[in-house]
Amino acid sequence: MKSFTLLLLSILFFGCQISPAQVQYNGNMEQLSADKTKAAGWLTYFQAEQQKAYPVKIDSLVKQDGKYSLSIEKVSNESRFGVIDYPILKSFTGNKIQLRGYIKTENVKNGYAGLWLRIDGTPAFDNMQNRGVTGTTDWKEYVIDLPYDDAAAINIHGGALLVGDGKVWVDNLRLFINGKPIEKATKVLTKAGMDTAYNIGSKIDTILLSKQQVTNLTALGQVWGFLKYHHPDVAKGNHNWDAELFRVMPQVLKAADNAALSKAIEKWVDGFGVPSLCGNCKITARPDEIKLKPDYGLLFNKQVLSASLTQKLQYILDNRNTGDNYYIDMARFIGNPVFTHEAAYSQFTYPDAGYRLLTLYRYWSMINYFYPYKYLIGEDWNNVLADCIPKFATAANASDYALNTLALIARIHDTHANIWSYNKAITAFKGKYRVPFDAKFIEDKLVVTGYLNDTLNVKQLVKVGDVIETINGQPVTQLIEKYLPYTPASNYDTQLRDIPGTYLLRGNTVALNLELIRDGQPIKSTVTALPAEKINYSSLYDIKSPGYYVIDKEIGYVYPGRYHNKDLSDIKKLFKDTRGIIIDMRCYPSEFMPFTFVPYIKTGNARFVKFTKAQVNTPGLMVISDPLSIKPDNDYKGKVVVIVNAVSQSQAEYTTMAFQSSPNVTVIGSTTAGADGNVSAIILPGAISTMISGLGIYYPDGTDTQRKGVKIDVAIKPTIKGIKEGRDELLERAKAIILTNDDGKTK
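Residue numbering for the sequence shown is -21 to -1, 1 to 726, as defined by mature numbering (1 follows the signal peptide of the UniProt record, and there is no 0).
Pasting the structure below:
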């Protein structure tokens, strides 16, 4: 949230799609995925919005060397930038790192194209922000040089990016450590890294569950997660913690009662040694600074585990690791969790039973100890573990595994959380075809709102304003209930935002049979669908429209999705005599505005935000920071109206909070996405990539924004009538507030 640089720092560390056994850097793009649609090993988006706004494609015609290059092209405004990333989840011996690669551009403007490189665990980062490529250029080699701290380095991430408009091609990227190609660089080996005994499987293929075994596996998952983040010897990297799970699981499964269970786990715990006495394990935060305390589930409730084992776990808690941890770090200068040394196991599209439980345990433990909003999940997270064990243990195929994982992720109710990596089973579940029109929920009805491709007579088959009642014979209301468990989002409004494009308008047949209501009359229509990758989303966005202008000579208008801080001086001149400014935050800001644009309109010194952060030295503890302020410039004296809806997410919500610290600001619209705070990436077996909101974000008075969204002064949503008439009712209301003496706020 601090700047574009920090945004990249916070979101670009997704899991590796390559085997942990070796490094094969596919910088020349010549190795393709099995379906020949992607360059192997490259991550091409981190959110669905990026996939739509900046599609990445293989290009066999325009290339610098070999057969292929990769291109990134902006086609819509749903995201502020596009990126490709080749994650390398390893560290190497050396003190300098270099990325070299060729770039070709076409009409790049309102931003730049460039290479980028980041070393997790260190401050080393460069995205060519100050020397990016613009305009139309031929192939040219560019270089990034960074220091490499092999004692602190955890992962390497790098590739290319496009910020703003245009198109970029990338080819022939090479990575060097101390002058050696990455393939030949010397890897840093830890005891954990050298333990490869279970890399090809857990040796636990099937599990026939009894009630006792569910208890056993629940206890094992909680103890495993506790030791991972508390035991000093584990924190040193002396144990491959995934492998250790598979070593003890057979004995745990054999336990016939709680006594045998405790005996098996206690013997395992003893093998990691007794921690030395801790001199600094006392919690120093004041009670009023603590937002969330650790929850240890059944570990200390004396209902399942023996007194002897409980006593040993208590000793480990009292003498826990308080330094660096091999499996967890905090992002430099930001403080959200960075989950480190987590193998992707991309070789397993359908992991065996042991690895499926590893997925559950890994995710559950990360949420239990490092998710700042665990208290907002809406159910006891300990019960979620027990509930999911049968589902993961008995998943019959790759589809069951992927959908169970997606449903687990959805249970934390975080719009940042989803399966963001490509997953064949999830894609098949969504459907490989999509109808070429758009629809949204308006007044609790699924309403046609626009067209994506002017093909197949779609404009004659459905009309803007049509209400869709059934799809292929199934009522829309039933379809919503079917897909809600597989739609991760912070609130219901945001689930309804995502369900149409993700599920309802897709399918595995080339036609959707629709029952519609048009002007009160029932109509049946069959719409031919297109392959999902051929849908043109750019028709929904006017990407050539300016980011700011004056409406009716009286009102300034700013669309943050196309706003740039470099334009602020021109905006001040243009808006000098306006009666008010509308900030249309129904988008994702293209640049960080809180400390640039907000001071321009702000009066007074009111604070606008405070944070909570997880603690490596006390997993599960969330500590509140002091509120943050913005110094006003007192330049603008008119009214300011900020428009929001469910599209307003993350940085859009944070920026809205910053605007709200000024008394001349009114926020209108509907529930926002309720997902704020720099994101933390999680990688799960099968190369499943997901995220969580990694920082707690609050108003100065302590009011949550997660799940709730930002505070709304004037609640207003579009109507079906307004959609049919082509009106923007929220914009109309914003203009009315500015042009009258009523600020719209409740008195």
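Glycine residues also receive a C-beta, built at the ideal position from the N, C-alpha and C atoms.
query: Does the pairing of the segment 150 to 168 with the segment 33 to 51 give three or more beta-carbon distances under 8 angstroms?; result: yes
query: With a cut-off of 8 angstroms on the beta carbons, I'd call Q77 and V122 a contact; round off their distance for me.; result: 7 angstroms
query: With DSSP as the reference, please indicate the residues paired to I82 in a beta bridge.; result: K119, V149
query: Rounded to whole angstroms, what's the CA-CA distance from T645 to V620? Just pull it up for me.; result: 5 angstroms
query: In the structure shown, what three-state DSSP assignment does Y208 receive?; result: helix
query: Tell me whether R706 sits in a helix, a strand or coil according to DSSP, three-state version.; result: coil
query: Using the C-alpha atoms, what's the distance from L154 back to I161?; result: 6 angstroms
query: What residues in its chain sit with their C-beta under 6 angstroms from that of I502, if we drop five residues either side in the sequence?; result: L495
query: For residue 736, count neighbouring Cβ atoms within 10 angstroms of its own Cβ and tell me buried if that reaches 16, exposed if not.; result: Outside the displayed span of the chain (-21 to 726) sits residue 736, for which this structure offers no information.
query: What are the boundary residues of the alpha helix (DSSP H) that includes A222?; result: 220 to 233
query: Under 7 angstroms, do F205 and P664 count as touching if we go by C-beta distance?; result: no
query: Does the contact criterion of 3 or more C-beta pairs under 8 angstroms hold for the segment 379 to 393 versus the segment 409 to 426?; result: no
query: DSSP three-state call for P160: helix, strand or coil?; result: strand
query: Specify the secondary structure class of R413 as computed by DSSP and reduced to three states.; result: strand
query: Mind listing, in chain order, the continuous alpha helix (DSSP H) runs of no fewer than 4 residues lying wholly within the segment 291 to 331?; result: none
query: According to DSSP, is S649 part of a helix, a strand, or is it coil?; result: coil
query: For L718, name the three-state secondary structure that DSSP assigns.; result: helix
query: Using only the alpha-carbon positions, how far apart do I269 and D64 sit?; result: 37 angstroms
query: Rounded to whole angstroms, what's the CA-CA distance from V529 to D445? Just pull it up for me.; result: 33 angstroms
query: Give the DSSP-derived three-state secondary structure of L(-13) in the structure shown.; result: Low local confidence applies: a pLDDT of 33 at L(-13) is under 50, so the model's placement there is unreliable, and no value is given.
query: Beta-carbon separation of F590 and G675 under 7 angstroms?; result: yes
query: Below 8 angstroms on the Cβ atoms is my guess for D99 versus H136; work out the distance and round it to an integer in Å.; result: 7 angstroms
query: Between D472, A176, K207, which has its C-alpha nearest A654's C-alpha?; result: D472
query: Taking a contact to mean a Cβ-Cβ separation below 7 angstroms, would you say N544 touches I313 in this structure?; result: no
query: Which same chain residues end up closer than 7 angstroms to N217 when comparing Cβ atoms and leaving out the 5 residues on each side of it in sequence?; result: K170, A171
query: Alpha carbon to alpha carbon, what distance is there between P611 and L435?; result: 54 angstroms
query: Restricting to Cα atoms, I'd like to know which of G93, T101, T116 is closest to Q108.; result: G93
query: Which runs of the beta strand (DSSP E) spanning at least 3 residues fall entirely within the segment 375 to 458, listed in chain order?; result: 416 to 421, 424 to 430, 446 to 450
query: What separation, rounded to the nearest whole angstrom, lies between the Cα atoms of Q1 and A164?; result: In this predicted model, Q1 has a pLDDT of only 43, less than 50, meaning its place in the structure is not dependable; the value taken from the coordinates is given anyway. Straight-line Cα distance between these residues: approximately 11 angstroms.
query: Where W118 and I156 are concerned, what is the direct C-alpha to C-alpha distance, given to the nearest angstrom?; result: 25 angstroms
query: Give the range of the beta strand (DSSP E) segment to which F590 is assigned.; result: 586 to 593
query: So for T194, helix, strand or coil by DSSP?; result: helix
query: Give, in chain order, every unbroken run of the alpha helix (DSSP H) that is at least 4 residues long and sits entirely within the segment 521 to 553.; result: 547 to 553
query: Helix, strand or coil for E52, going by three-state DSSP, please let me know.; result: strand
query: So, with DSSP's three-state summary, where would you put S641?; result: coil
query: Quick check on DSSP: helix, strand or coil for P266?; result: helix
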